[in-house]
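So the sequences go chain by chain: A and B. Remember, our numbering sits 748 above the position in the first sequence when you count from 1. Remember, our numbering sits 748 above the position in the second sequence when you count from 1. Before any comments, here is the structure.
2 protein chains.
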Amino acid sequence: MSSPTEVTSPTSPIGLHRVLEARGELATLPQAARRLDPRPEIWPDEVRLRVQTLNLDAASYRQLAEKHTAEGQVDGAAVRAEVLEIIGERGKMQNPVTGSGGMLIGTVDEVGPESTLGLEVGDRVATLVSLSLTPLAISDGLARWDGLSEQVPAEGHAILFGRSIAARLPDDLDPRLSLMVMDVCGAPALVARVVEEYAAQGTSPTVLVLGGAGKSGSLSLAAARRSGGGRLIGVVPTERERDVLTAAGLADEVVLADARSPLGLSGAVDAAGGPADVTVVCVDVPGCEQPAILSTAQGGTIIFFSMATNFAAAALGAEGVAADVRMLVGNGYVPGHAAYALELVRSEPAVRDLFESRLEPATPANGPVEDEPAGLSNSATTSSQFEEGSRA
Amino acid sequence: MSSPTEVTSPTSPIGLHRVLEARGELATLPQAARRLDPRPEIWPDEVRLRVQTLNLDAASYRQLAEKHTAEGQVDGAAVRAEVLEIIGERGKMQNPVTGSGGMLIGTVDEVGPESTLGLEVGDRVATLVSLSLTPLAISDGLARWDGLSEQVPAEGHAILFGRSIAARLPDDLDPRLSLMVMDVCGAPALVARVVEEYAAQGTSPTVLVLGGAGKSGSLSLAAARRSGGGRLIGVVPTERERDVLTAAGLADEVVLADARSPLGLSGAVDAAGGPADVTVVCVDVPGCEQPAILSTAQGGTIIFFSMATNFAAAALGAEGVAADVRMLVGNGYVPGHAAYALELVRSEPAVRDLFESRLEPATPANGPVEDEPAGLSNSATTSSQFEEGSRA
């Protein structure tokens, strides 16, 4: 059991003691910090991981790859060099342009005596907090990575704070599959909680999922079904996705509509048995706020998981049409969310099929811009155009 | 009873039939439209108002005044000319730079036979939907306005759609006071609804209001008290506001803290009896998301009324510290919100005093940037720096 040799600040469950360079006076949280202290010695409530794989988030990798592309070719060595440089300088993997990070897979190396994360030495885990706030050091120069994909084989160590989130990787699932599921696991957990509120009052709410064939969308549909949802309506942007979601059987109605069109969407949803009592927005393109509002019944609930959601557009959009709807910011953390999502994948073959179809390497889809299509053999290792629901 | 002479589209409760020029294929709602049809003839579910006063929103007026300022002097005639030009061109008062509008006061001139707004000819009303989506025509050239304040005496007409929102101006209150109250009336209504949910489960939640001395903040505190809130904590940014809010007695604890400082705020709130079960953000400056999250108990609720709220900062901020908090987008519409807020002002002398102190003309306060201070004799007719909770 090693102890920090020079503890200059008391331990903090959110990692304040590892902030080396704040950005301005107020920005003292690890995510906002310019530089973290990645020393391997742990404070009493921390956990140290031996890193196996970094999973850069899609937006970050895309930015790096585009920056280092010449004549249509990504210069993988240059991408690798820049990632190494970022980690070395910042003590964490946070893309300075996108601000985003990713997740990592590793093995528990040491557990502080005051840690409450429930981990044991040897556990293989995925971190569910962003790499952008996780102290990280690399020891192998990323020698095994060609710089050409988001999945980065790596050696080194990372630190989990007292209040971090990590989940054991299950033995029975492909780790890549587990990672994909964990990346969006906040969505089904929150959908289940909201639908259960309705069910507890004796109603079976109509649930509308925009982007129903995507990762967070398909899990949300499965969660809604299991939690007491009534009619389930999935909206997709293409005929291909319509066929995929219809075959999966996760929704009672599959609607082909543009989620950015207020009238197009609400009209199509009405025709499919809407408006919805609970609307779940899993489409990472701007402009879905007003369509979602118009597709939701008075007194209903909208859960925005899309990171493209505009706060003002939602607030003013509801007020402008006198819509008495409850609008929730899709918090990616709900206790037990990873276990719940993995259990959905295990027990719902249709969901598992959708996810597994993403694991097979194939040509990246050049589909429409508004959803990351499921079931289209996207490789999980390529940069998808819209990582809906992904928060890393 | 006049009828449209050339009805080219069926009536729509949200006013689609008056959109003349959409912006792009999807932007067909009145707020997004470049131009509306302000014809005085009404569709069967509409109401026509005779305009008395336009109340430009603070952001819009500030932009216009700054544009037409030379050598420190606002050219009021130029401001007036531009407002007239905007209304003439667009058929609504929507500042093309800020996108915002404001509200208006008028008298009901004609009520369509299918209107469900409950208005009668002769009623004096304020519109609670934005001018940016309200068909409007001016007939007096704004001759009585000097262009030097947000309150614009005007003659002309405006149209309310089937699903618009308007509220009768009470006879017993200064119309300027009523307008100020109605401008932020969504906040107390939603706070009351949320606190009542807790109270219905037999708990008296600790309620934290950031910006407790402001308009929406003071109303939120009063609403929390009345709805079964337990300990009420108001946060203010200056000693002056601390004294004002302390004297008002609306909070059990008044805390002087920077709402943008994660540690400063959460530490101060903890010392005052926090963390909160319900946190209400009424401070219109960026960067309050993470401090609000850290000041809220696990399982608690945060209501974001600030239009400076960043969706991603809220979603990622909660996830990054494993905060299981419910985060609500502060929808400015709750049925009965205007009547509820006016009743609070009538029955709570402390709230009324805070609002009335804003009515006395005085030098605009050059206070701190993070709240619109209450009780500092801001004139309601001057552009305040931060119109917290204002949505027009």
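All C-beta atoms in this analysis are idealised placements derived from N, C-alpha and C, irrespective of residue type, glycine included.
- Proximity of chain B to Leu777(A) at the Cβ level (cut-off 7 Å) is accounted for by Pro1010, Gln1038, in chain order.
- Relative to the Cα of Gln899(B), the nearest Cα in the group Val1029(B), Leu881(B), Leu925(B) belongs to Leu925(B).
- For Asp894(A) against Gly824(A), the beta-carbon gap comes to about 5 Å, under 8 Å, which counts as contact.
- Between Ile907(A) and Arg796(A) a beta carbon distance of about 6 Å is seen, short of the 8 Å cut, so the two are scored as contacting.
- In terms of CA proximity to Gln800(A), Ala891(A) leads the group Ala780(A), Ala891(A), Leu764(A), Ser966(A).
- Buried is the label assigned to Asp1032(A), since at least 16 other Cβ atoms lie within 10 Å of its Cβ.
- Contact note: Gly1080(A) reaches chain B through Ala1063, Glu1067, using a C-beta cutoff of 7 Å and chain order.
- Phe1052(B) is not a Cβ neighbour of Thr1057(A), given a cutoff of 9 Å.
- For Thr986(B), the closest C-alpha among the options Leu969(B), Ala970(B), Gly934(B), Ala1005(B) is that of Ala1005(B).
- Here the alpha carbon of Ile1050(A) sits roughly 15 Å from the alpha carbon of Arg1008(A).
- Each residue's CA atom was taken as its position, placing Thr759(B) and Arg766(B) some 9 Å apart.
- Those residues of the segment 900-934 of chain B placed with their C-beta closer than 8 Å to a C-beta in chain A are Arg911, Ser912, Ile913, Gly934, ordered along the chain.
- When 7 Å is used as the limit between beta carbons, Thr1057(A) is near these residues of chain B: Phe1059, in chain order.
- Only exposed fits Ala1019(A), as fewer than 16 other CB atoms lie within 10 angstroms of its CB.
- Judged by DSSP secondary structure, Ala885(B) falls outside any alpha helix (DSSP H) and instead within the beta strand (DSSP E) spanning 884-886.
- From the listed residues Gly763(B), Gly820(B), Asn843(B), the smallest Cα separation to Arg828(B) is found for Asn843(B).
- What Met1075(B) touches in chain A, judged by beta-carbon distance under 7 Å, is Leu1076, Val1077, Asn1079, going in chain order.
- Among the residues facing chain A, Asp1072(B) is included, as its CB has a counterpart in that chain under 9 Å away.
- Nearest CB-CB separation between Ile886(B) and chain A: not below the 9 Å threshold.
- For Leu896(A), same chain residues with a beta-carbon under 7 Å away, outside a window of 5 residues either side, are Val822, Gly824 in chain order.
- When the beta-carbon positions are compared, Ser975(B) and Val943(B) come within less than 9 Å of each other.
- Secondary structure remark: continuous beta strand (DSSP E) runs of at least 3 residues inside the segment 845-900 of chain B, in chain order: 850-859, 872-875, 884-886.
- Pairing Asp888(B) with Arg872(B), the inter-Cα distance amounts to about 20 Å.
- Within chain A, the C-beta atoms nearer than 7 Å to that of Ile762(B) come from Val1069, in chain order.
- Taking 9 Å as the threshold, the shortest C-beta distance from Ser878(B) to chain A falls below it.
- Beta-bridge pairing by DSSP links Thr801(A) to Ile853(A), Pro901(A).
- Inter-segment contact for the segment 1070-1088 of chain A and the segment 1092-1101 of chain B is absent: fewer than three beta-carbon pairs are separated by less than 8 Å.
- Nearest in C-alpha terms to Val932(A), of all of Ala1086(A), Glu1104(A), Asp919(A), Gly763(A), is Ala1086(A).
- Between Leu927(A) and Ala971(A), the CB-CB gap reaches or exceeds 9 Å.
- The Cβ atoms of Arg787(B) and Ala770(B) lie no closer than 9 Å to each other.
- Contact between the segment 946-955 of chain A and the segment 906-922 of chain A is not established, with fewer than three Cβ pairs separated by less than 8 Å.
- Going by C-alpha positions, Asn803(A) is about 19 Å away from Ala1089(A).
- Pro1083(B) belongs to the set of residues whose beta carbon lies under 9 Å from a beta carbon in chain A.
- Chain order gives the chain A residues near Leu881(B) as Gly1068, where near means a beta carbon separation below 7 Å.
- In the assembly as shown, Glu794(A) is a buried residue. Its beta-carbon has 16 or more other beta-carbons within 10 Å.
- In the structure shown, Leu938(B) adopts helical secondary structure according to DSSP, grouped into three states.
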